[in-house]
Amino acid sequence: MDVSGGSGQPRSGNDEPARPQSGPTAPAADGTQPDPAAAATPGTPGPDPRDPQNPAPDGPAAQPPAPQPPTPEPPAPQPPEAPAPKTPVHEPEHPEPGRGPHVPAHHAAGGEPHGTGRGRGPGRPPQRKPEPGGGLLMGRPFGVPVYVAPSWFLVAALITWVFGGQLDRVLPELGAARYLVSLFFAVAFYASVLVHELAHTVAALRFKLPVRRIQLQFFGGVSEIEKEAETPGREFVLAFVGPLLSLVLSGVFYLALLPVEPGTVPGVLLAGLMISNLIVAAFNLLPGLPLDGGRMLRAVVWKITGKPMHGTVAAAWVGRALAVSVLIGLPLLTQSGALGSDAVDNVGMDTVMDALLAAILAAIIWTGAGNSLRMARLREHLPELRARALTRRAVPVPADTPLSEALRRANASGARALVVVDSEGGPVSLVREAAIVGVPEHRRPWVPVSTLAQDLTDGMRVSAELSGEELLDALRANPASEYLVVEETGAIYGVLSAADVERAFVKAMARPS
Numbered sequence: 002m003d004v005s006g007g008s009g010q011p012r013s014g015n016d017e018p019a020r021p022q023s024g025p026t027a028p029a030a031d032g033t034q035p036d037p038a039a040a041a042t043p044g045t046p047g048p049d050p051r052d053p054q055n056p057a058p059d060g061p062a063a064q065p066p067a068p069q070p071p072t073p074e075p076p077a078p079q080p081p082e083a084p085a086p087k088t089p090v091h092e093p094e095h096p097e098p099g100r101g102p103h104v105p106a107h108h109a110a111g112g113e114p115h116g117t118g119r120g121r122g123p124g125r126p127p128q129r130k131p132e133p134g135g136g137l138l139m140g141r142p143f144g145v146p147v148y149v150a151p152s153w154f155l156v157a158a159l160i161t162w163v164f165g166g167q168l169d170r171v172l173p174e175l176g177a178a179r180y181l182v183s184l185f186f187a188v189a190f191y192a193s194v195l196v197h198e199l200a201h202t203v204a205a206l207r208f209k210l211p212v213r214r215i216q217l218q219f220f221g222g223v224s225e226i227e228k229e230a231e232t233p234g235r236e237f238v239l240a241f242v243g244p245l246l247s248l249v250l251s252g253v254f255y256l257a258l259l260p261v262e263p264g265t266v267p268g269v270l271l272a273g274l275m276i277s278n279l280i281v282a283a284f285n286l287l288p289g290l291p292l293d294g295g296r297m298l299r300a301v302v303w304k305i306t307g308k309p310m311h312g313t314v315a316a317a318w319v320g321r322a323l324a325v326s327v328l329i330g331l332p333l334l335t336q337s338g339a340l341g342s343d344a345v346d347n348v349g350m351d352t353v354m355d356a357l358l359a360a361i362l363a364a365i366i367w368t369g370a371g372n373s374l375r376m377a378r379l380r381e382h383l384p385e386l387r388a389r390a391l392t393r394r395a396v397p398v399p400a401d402t403p404l405s406e407a408l409r410r411a412n413a414s415g416a417r418a419l420v421v422v423d424s425e426g427g428p429v430s431l432v433r434e435a436a437i438v439g440v441p442e443h444r445r446p447w448v449p450v451s452t453l454a455q456d457l458t459d460g461m462r463v464s465a466e467l468s469g470e471e472l473l474d475a476l477r478a479n480p481a482s483e484y485l486v487v488e489e490t491g492a493i494y495g496v497l498s499a500a501d502v503e504r505a506f507v508k509a510m511a512r513p514s
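If you use my numbering, the sequence shown corresponds to residues 2 to 514, in order.
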């Protein structure tokens, strides 16, 4: 919350506010009675005690002020004999609250909370992670939820129809039962895809990388791993195990096919599963993001250059070139008969379907390559995102403090947020910035801050030590406009505004890598 009207410099221990005296407004430190109309408001400069004729410039505020350079003021030293409050308030590290380095506030690849135990306060149980969702939950192998997206039912129907037509030519005696066999093939094929994704998941868990979920969708499946591998070697292994398992499955189906009589239902099913897994392995080994081969290429370039971003850029552009090749080359190969079918001289329904399939595949590869570039840039800036750097300085005030007096104290100490505390100095609620803006100035001397405050919940306390993905996960798990930032000891550090994090994210994404 932005209630700054001072210079934004760190305040000394002598600025510790006292309880307000009776009446709608409390006297100022020099004994004069403050003017309610001149009380500092969010975005309104307060009087400068050094020069009554010249108001001090304001810092960032909820209501945009005219841009003026801040007047620096050297901080007063903390006297050794000053008694510490029962719940101490620490000063942020940067000279102006909320003006730390602008860093991204992502989601990294859309992850769920992990590592959010800090900042909950002593003795508080950790909250259960919210379910990621994404379709019909099928199970939790290795503790990772597996979802079937609604688009899977569409592709299952498509596979059933196409494979059923092939069965009609190979086993015409099946009749309508061929569609039941085709449906079994579709389910078995996606079970193979699930094994492919489970290979990625097991490798990620082995490297202590959290996996959000596995989702089976229109074109195969995806394992949503929330963090990057720490080394290029681990990245290579993490990407290679998927196609490797598909190759192993293809070999298993080939061995199972040997004793089976050709031209039977089991023979046709095993042959289809062998070929489909071989195609899945070969397609995923293509060296372009977002395919597994692209991640392997990224790992190789990362190893050579020592910079993961260089590997991502190289693999992403190869992926885009691959998308263009699929868009143009797949219909040409199909029409020329190079893929095993008869050459086609005229444009028919099969040619249109091949072109449509190529366009869908190319769009998926192109989009995935672009997303990989954006996520790499985001993760490159994530370490800069620190709760300490973005936290606004806060002033603790009792619940019955008039708003005008609370804002005067905040302006006098260069703070931009208000924390309501109890009689022992413990934080109980945060005064909402939006609520302050909605109170007219002439009513502020008669409005207690408790009427504008939001009670603190467990999720609204975040540790000052959080940074990067851990900080983002904590904010995503508990959406709010403001958060109380605390030290490991429980001491108040300040207030973190969600708006500040959002602005930092936008500026970070606009910066070149």
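Ideal Cβ placement from N, Cα and C applies to all residues, glycine included. Small disclaimer: the values here were computed from a predicted structure and weren't measured.
Anyone know if the C-beta pair for residue i and residue j falls short of 8 Å?
i, j, result
"residue 400", "residue 467", "no"
"residue 509", "residue 481", "no"
"residue 204", "residue 239", "yes"
"residue 487", "residue 465", "yes"
"residue 420", "residue 366", "no"
"residue 246", "residue 190", "no"
"residue 395", "residue 413", "no"
"residue 453", "residue 497", "no"
"residue 229", "residue 380", "yes"
"residue 161", "residue 148", "no"
"residue 434", "residue 489", "no"
"residue 199", "residue 153", "no"
"residue 307", "residue 299", "no"
Have a look at the options and flag the residue whose alpha-carbon is nearest the alpha-carbon of residue i.
i, options, result
"residue 221", "139, 150, 250", "150"
"residue 294", "249, 243, 147", "243"
"residue 1", "361, 196, 364", "In the structure as shown, the chain begins at 2 and stops at 514. Residue 1 is therefore absent and cannot be evaluated."
"residue 250", "271, 267, 265", "271"
"residue 373", "290, 253, 495, 471", "290"
"residue 310", "368, 153, 378, 477", "378"
"residue 288", "209, 241, 187, 258", "241"
"residue 363", "444, 307, 226, 325", "325"
"residue 494", "397, 382, 445", "397"
"residue 411", "437, 180, 154, 278", "437"
"residue 186", "255, 277, 478", "277"
"residue 224", "263, 323, 461, 141", "141"
"residue 523", "375, 336, 391, 335", "An answer regarding residue 523 cannot be provided, because it is not within the stretch 2 to 514 covered by the chain."
"residue 445", "402, 425, 478, 201", "402"
Rounded to the nearest angstrom, how far is the Cβ of residue i from that of residue j, given a contact under 8 Å?
i, j, result
"residue 235", "residue 145", "Actually they do not touch by this definition, with Cβ atoms about 18 Å apart."
"residue 384", "residue 469", "5 Å"
"residue 171", "residue 269", "6 Å"
"residue 303", "residue 233", "4 Å"
"residue 320", "residue 370", "3 Å"
"residue 183", "residue 164", "4 Å"
"residue 219", "residue 156", "5 Å"
"residue 472", "residue 386", "6 Å"
Consult DSSP for residue i and reduce its assignment to one of helix, strand or coil.
i, result
"residue 222", "strand"
"residue 502", "helix"
"residue 428", "strand"
"residue 217", "strand"
"residue 183", "helix"
"residue 171", "helix"
"residue 371", "helix"
"residue 483", "strand"
"residue 355", "helix"
"residue 459", "helix"
"residue 454", "strand"
"residue 65", "Because the pLDDT at residue 65 is just 35, under 50, the model does not fix this residue reliably, and the value given afterwards should be weighed accordingly. In this structure, residue 65 counts as coil in the three-state DSSP scheme."
"residue 495", "strand"
"residue 320", "helix"
"residue 387", "strand"
"residue 291", "coil"
"residue 433", "coil"
"residue 268", "helix"
"residue 302", "helix"
"residue 260", "coil"
"residue 448", "coil"
"residue 312", "helix"
"residue 465", "coil"
"residue 508", "helix"
"residue 141", "coil"
"residue 417", "coil"
"residue 400", "coil"
"residue 518", "Any property of residue 518 remains undetermined from this structure, which presents the chain solely from 2 to 514."
Check your understanding: Contact between the segment 500-507 and the segment 413-429: three or more CB pairs below 8 Å?
Key -> Below 8 Å, too few C-beta pairs join the segment 500-507 and the segment 413-429 to call them touching: fewer than three.
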